[in-house]
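Heads up: the sequence shown begins at 2 in the numbering used here, then just goes up one per residue. Report on one structure; see the data block that follows.
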Amino acid sequence: SLLGRIFEKRHRDLARKIYLACGASSAAVAVLQMLLWTEVLGSILRFLWRCMWVAGGALLLLQRSAPVRRATAARKAMRDLIAIRNMRARGGLGRWSFFREESLVG
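Next up, the structure:
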């Protein structure tokens with residue numbers, strides 16, 4: 002397990018990386034907590050945090066809506082059209098190994 006590797010002598014670099022990541026995340030949480038205690042900046046950060054959650058929830062709810070599905074279908078169709086045009090520019094069906102020349106002529 003990962004926890005067992007941390008305490009082995011041969012994995013000291015892994016343990017050091019994990020300790021540094023934990024220390025950095027602890028420092029980031031402490032700084033964020035201090036910023037949230039301030040009056041003006043804290044209210045701005047709390048507002049942005051709530052806006053992020055509202056936007057994330059809206060994205061989850063709108064994911065299956067009809068306009069989003071239409072936009073997704075249009076994007077996929079455009080991507081397929083570009084791929085087909087590129088294939089035709091490279092020689093189209095004549096380059097495919099299972100087509101014979103006589104079947105392309107008529």
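Glycine included, C-beta positions come from ideal geometry on N, C-alpha and C. Please read all numbers here as calculations on a predicted model, not as lab measurements.
Asked	Found
Bounding residues of the alpha helix (DSSP H) (the contiguous stretch that carries LYS18)	13-38
Beta-carbon proximity check, LEU36 vs LEU49, cutoff 8 Å	no
Host alpha helix (DSSP H) of SER44 (start-end)	41-63
Residue range of the alpha helix (DSSP H) that includes GLU77	Looking at the sequence provided, one finds Lys at residue 77 rather than Glu. 67-90 is the extent of the alpha helix (DSSP H) around LYS77.
CYS52 versus SER44: straight-line alpha-carbon distance, rounded	12 Å
ALA25 versus LEU82 - alpha carbon distance	48 Å
Proximity of VAL55 and LEU63 at Cβ, strictly below 8 Å	no
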